[in-house]
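Here's the structure we're looking at; comments come further down.
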Amino acid sequence: MVVIAEIFLTAFFTVLLEKLASGELFNLALPKGIYSRLQTWTSKLVLIQAVLSDAEEKQITAESVNMWLQQLQDLAYDLDDLLDKLATEALRRRLLMTQPTQASNPSMFRKLIPACCSTNFSPRAVQFDFNISSEIDNIAERLDYLLKQKTELNLMSDHLGGTRSRRTRDERPPTTSLVDEYSGFYGREKDKQAILAQMCLGSESGSDPRFRVIPIVGLGGIGKTTLAQQIFNDEEVKNSFDLKAWICVSDEFDELAITERIYKQISSDSSKFKDLEKVQVKLREIISKKKFLLILDDVWNEKYGKWDVLSRPFQAGAPGSTVIVTTRNVSVASIMRSVPDYHLDQLGNEEICSILAHHARGWQNFDAQPGFKETGEAIAKKCKGLPLAAKSLGGLLRTKENPNEWKDVLDSKIWDLPTENNDILPALRLSYQHLPSHLKRLFAYCSLFPKDYEFDKHELVLLWMAEGFLRPSETHREMEDVGFQCFDELLSRSFFQRSKTGAESRFLMHDLVNDLARHVAGRVCFRLDDKAESNVQHRRDSLLKARHSSFIRHEYDGSQRFEAFSRSSKLRTFLPLPVFTTWWQDFYLTNQVVNDLMPQVHFLRVLSLSGYNILQLPNAIGNLKHLRYLNLSSTQIEQLPESVSELYNLQTLLLRDCRSLTKLPANTGNLINLRHLDIAGTEQLQEMPVGLCKMASLHTLSKIVLGRGLKVNELRGLSNLRGALSIIGLQCVMDAQDAREANLTCKQGLKELEMVWSSDFDDSGDEMIENEVIEVLKPSTNLRRLEVKYYGGVEFPSWLGDPSFSQLAHISLSDCRHCTSLPSLGHLTSLKKLHISGIKGVKTVGNELCGVGWPHVGDAFPSLETLEFVDMVDWEEWSTNLSNDDANFGQVFPRLRELIIDRSKSRLSTAQLHIQVSLPRLQATLENPEHLGPQRSWTL
């Protein structure tokens, strides 16, 4: 029986009620009768929401309740689709009223209709109102039926309004300090020694008079408690502390109860306390000036105030006193720790094999058991470094004498194994049950990713946003920021792990956590590549109720592979993986999917065709009115159909590395909800439509191509821009006022900026105008990277090199051929890399490069590590004059590690540049290389 998790009900109902309570519905240009009928649903949904806790508990044993929840889940999705359809139609009508009529000779009937009402009487609007009324009838009938069923099923209202009752949670058995001598201690000796070193055993004082708090953090079942038990019972530890106590905290962080338990363990007093004041005074007295060790195992509390109250008596202990905390949650550790968290990694496969063999047969390993070796080691790999999984599976194997029975365990999913002696499911599900409801929904969505799949943090947040999981907060924070916070919370609770490839934004899930995601998502998320879905009929049945689907791209994806999708009319997600591919990889998708299947799936929120060698999209793509995310990156598409500009809900449009793309829809500006437009790597895109200024929600605009009517001042309304922006075609700016109106200074979120003029240097350019333009295109001081290409002015802007650009780390100045001097950049304290190329008007470089006032104002280029000069053909002299009397003043390039001088005429033998660091690598291609000596530390 499939267990429906609360994730799609509790959190979902909150969203639905918010939508019904919003003012958007009131403003719809729809018959009032429809609005009033929608409002009656609110009270009915509240009644159902109140019994969700009871239903979630009873569904495990009552199949009728389980079926009721499945129907309720389907209704919630259909209701959400309906509300979205209403909001989309309202937006369409509002946009239509703001645009001039396209008809040159409107009918007499239309002329008689007031402008404010004309959109309501169009044939399309009338048909829409008729259809929506029918859909409302259908949902109303189903809602009334489920409400009646609620009473017949005797579902009880919960005073918490839909939160799960604690008695349905998987209770973790209480732990004690006793070591399991039989099970052994595998692979954690280094971890033990590292924590003992942090405890500073034998030290009676220390720099910090307070007690020390050491958090041990890791995934459930990773071995935190076992490690703490080994430390607690270590002989050296026993001899180093006057008092010791072990407290299993678990769910409830009750300050009075925990304090009382600590007091009773370290004293002979068995008195009952009802007053926190009395027991804390008693505890303080008994530990005063004594060195104590306290283990707080399995802590979930995230409230600093509770910890602050509990810890007050501990301050009376002697220096060197230590509290060790085990937790799955970094947030818990952060409010308690006094030293950095100690994170437990997964065990190696050899140690896992030993644990599995020991609990299955009492063997040290499988080396002497040829009949079980291959299967046993394969089962150990299935545990993915999790000791609890090895121990639990070993227990299941104890009664299985035949290697074939072991093979059955190997081929089974963790969740399908017998529940007796299987602690894996409860251990991992406990972490899930402690999640807030909105995080449960986000985590279950990750079941779309296969095991070992590395996903990008930013990619996942965009998908969450498109699915409607991220609601704007009361503090008016951006949805992306809400998403990043949710991601970090799941990371801190060990649901995600950082990739070992070193990529900062890449993450993955432990295999068993991936299994957990599949388990809690149930039938809502469907992975086409799952072996269980290999049967075509089973695939069709699964997709009938699925709302989200993913699959691994094949080199050739034909129509047969997607045959089952013909029944998935309510699908919201069509996601090939990986989300992004490299542009030189070729994948082919049958036209039947693009032209026939996609237009039938009307409720898609997420559509990705990324990486496929498709040349065009059908105009019917404009019928996907619910679409929020469209990814066409690395395709061969040349232009988008004009109907794309009617996807009014679109939030993300990804066209990265579409190297054949030449044109965007003329009415792209109508996409007023668009937040991310990624057109990086589209070299053939030489023009862009006017009207970008209407897309005030844009956060990502990788480039803007000026000309053909598009002016730079269209950037003025895009105050939310973040990340990187390339402005191409600045030679088209004929009035500096247009550049001033772009208002780059106020775009605080921009971190990278590229300014590009024409590479065709002829007499058509006006040096004075280009000087004025770049001067008023001053970016925000939050900028971290700046590139200027083909600038035709004679001098660089005054703001370039201003110390207020304290975050600027990378500058590239290329082919600015009319400039005769370099800007003063020495006061940029964060500048690490400086690239200067093709500035052929520069003949000498002197102290001006180091900045005004140098060397009397400190070091010049204090952070610069790489300095590169390329193609400086007229460069004759490089001098920074320092006399002997200047020894106490600032240095130049104190951290320089790499100097590259390529294709340059430079009389470096006559220059005076003092570099006080040893250069590990010097690249130089000079006409007179004999001027360079063999030394590694240079005074040039």
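Heads up: the sequence shown is residues -23 to -1, 1 to 917, going by mature numbering (1 follows the signal peptide of the UniProt record, and there is no 0).
We treat Cβ as the ideally placed atom computed from N, Cα and C, and that holds for glycine.
Item, Value
"Which listed residue (LEU419, LEU876, VAL459) has its alpha carbon closest to that of ASN473", "One detail in the question is off: residue 473 reads as Phe in this sequence, not Asn. Ranking the options by Cα distance to PHE473, first place goes to LEU419."
"Beta-bridge partners of ARG475, as assigned by DSSP", "PHE484"
"Local conformation of SER84 per DSSP, three classes", "With a pLDDT of 46 at SER84, under the threshold of 50, the predicted position of this residue should be treated as unreliable, and no value is reported."
"Inter-residue CB distance, TYR625 and ARG14 (contact presumed, cutoff 8 Å)", "Incorrect: roughly 25 Å between the Cβ atoms, too far for contact."
"Supposed contact pair LEU416 and LEU467 - C-beta distance, whole angstroms, cut 8 Å", "6 Å"
"Counterpart residues of LYS806 in DSSP-defined beta bridges", "Reading off the sequence shown, one finds Thr at residue 806, where the question assumed Lys. Paired residues: none, contrary to the question."
"Alpha carbon of ARG170 to alpha carbon of PRO780, nearest angstrom", "The amino acid at residue 170 is misidentified as Arg; the sequence shows Gln. GLN170 and PRO780: Cα-Cα distance of roughly 48 Å."
"Closest by C-alpha distance to LYS35, when choosing among ILE25, LEU46, GLN26", "LEU46"
"Residue from HIS320, GLY706, THR304 with nearest C-alpha to ASP167", "In the sequence as displayed, the identity of residue 167 is Lys instead of Asp. The candidate whose alpha carbon is nearest that of LYS167 is HIS320."
"CB contact flag (LYS259, TYR281, <8 Å)", "no"
"C-beta atoms of MET672 and LEU651 nearer than 8 Å", "yes"
"Any C-beta of chain B under 8 Å from that of LEU675", "The question asks about chain B, but that chain is absent: this structure has only one protein chain."
"Rounded Cβ spacing between ARG264 and GLY294 (contact assumed at less than 8 Å)", "The question names Arg, but residue 264 in the sequence shown is Ile. With a Cβ gap of about 5 Å, ILE264 and GLY294 count as contacting."
"Residues that DSSP places opposite CYS225 in a beta bridge", "ASP274"
"Residue 920 versus ARG794 - alpha carbon distance", "An answer regarding residue 920 cannot be provided, because it is not within the stretch -23 to 917 covered by the chain."
"Where TYR122 falls, given that 16 or more other Cβ within 10 Å makes a residue buried", "exposed"
"Residue interval of the beta strand (DSSP E) (run including SER526)", "525 to 529"
"DSSP-derived helix/strand/coil call for MET44", "helix"
"Own chain, CB closer than 7 Å to LYS201, minus 5 neighbours either side, in chain order", "ILE193, GLY195, THR303, LEU321"
"Cβ contact (3+ pairs, closer than 8 Å) linking the stretch 209 to 224 and the stretch 368 to 377", "no"
"The beta strand (DSSP E) enclosing LYS766, as first and last residue numbers", "762 to 766"
"contact_flag[the stretch 352 to 364, the stretch 323 to 332] where n(CB pairs < 8 Å) is 3 or more", "yes"
"DSSP-derived helix/strand/coil call for ASN608", "strand"
"From ILE329, THR236, LEU574, PRO576, residue whose alpha carbon lies closest to that of LEU162", "The residue asked about is misnamed: residue 162 is Phe in this sequence, not Leu. Taking only the C-alpha atoms, the option nearest PHE162 is ILE329."
"Whole-Å CB distance - GLU619 paired with LEU592, under 8 Å assumed", "GLU619 to LEU592, Cβ: 17 Å. No contact."
"Spatial distance of PHE291 from ILE224 (CA atoms)", "15 Å"
"Residues sharing a beta bridge with HIS812, DSSP", "SER789, GLU845"
"In DSSP terms, what VAL307 is bridged to", "DSSP output for VAL307 lists no bridge partner at all."
"Residue environment, LEU785, which counts as buried when at least 16 other CB atoms sit within 10 Å", "buried"
"Residues of its chain near ARG524, where Cβ-Cβ distance is below 8 Å and the 5 sequence neighbours each way are ignored", "TYR54, VAL501, CYS502, LYS547, LEU548, ARG549, THR550"
"Cβ contact check for the stretch 746 to 765 and the stretch 723 to 735: 3 or more pairs under 8 Å", "yes"
"Coarse secondary structure for MET456, derived from DSSP in three states", "helix"
"THR17 to GLN628 span [Cα, whole Å]", "31 Å"
"Outcome for CYS723 when other beta-carbon atoms lying within 10 angstroms are tallied against a minimum of 16", "exposed"
"Length of the line joining the Cα atoms of PRO553 and CYS423", "14 Å"
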